[in-house]
Each structure stands twice: as C-alpha cells, then as structure tokens.
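In this note's numbering, the protein residues as written are 87 to 151.
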C-alpha cells in the first residue's frame, strides 16, 4: 500500500474517530479507505450529460464539507 498524507477538517476527523470508537471501523485508515472505495465505485466512467452529472453530484454524501 502507498502512504498518502492529507489534511482533513477537524470536524470530519472527529466524526471518523467516533465511527472507530463505536466499532464501525477498526481504525481511521480503514474508515478513509472505505470512503475512497465508495467514492470510486460511485464514479461513472461513461460520458454523461451535464444535467446528469449535476444531479449525481447533488446526491453524493462523501463530498460535503
């Protein structure tokens, strides 16, 4: 696995840590890997119309800050 360093807002890290504390994920790294997997699985590689792309972006929960 590659190591990646990134900056994440404190509130989001606190939410991730809460998921770890409740046992939803074993650690922060796995929680973030899971989020990346979800993002990639939602990413559609086929071309789409701008209106479809806008609708899909509005439905995403992982990109909200």
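No residue lacks a Cβ here, since even glycine has one placed at the ideal position from N, Cα and C.
Check, Outcome
"Contact check, residue 106 vs residue 113, beta carbons under 7 Å", "yes"
"Cut-off 8 Å between Cβ atoms - residues of its own chain near residue 110, not counting five sequence neighbours on either side", "117"
"Residue 97 versus residue 126 - alpha carbon distance", "23 Å"
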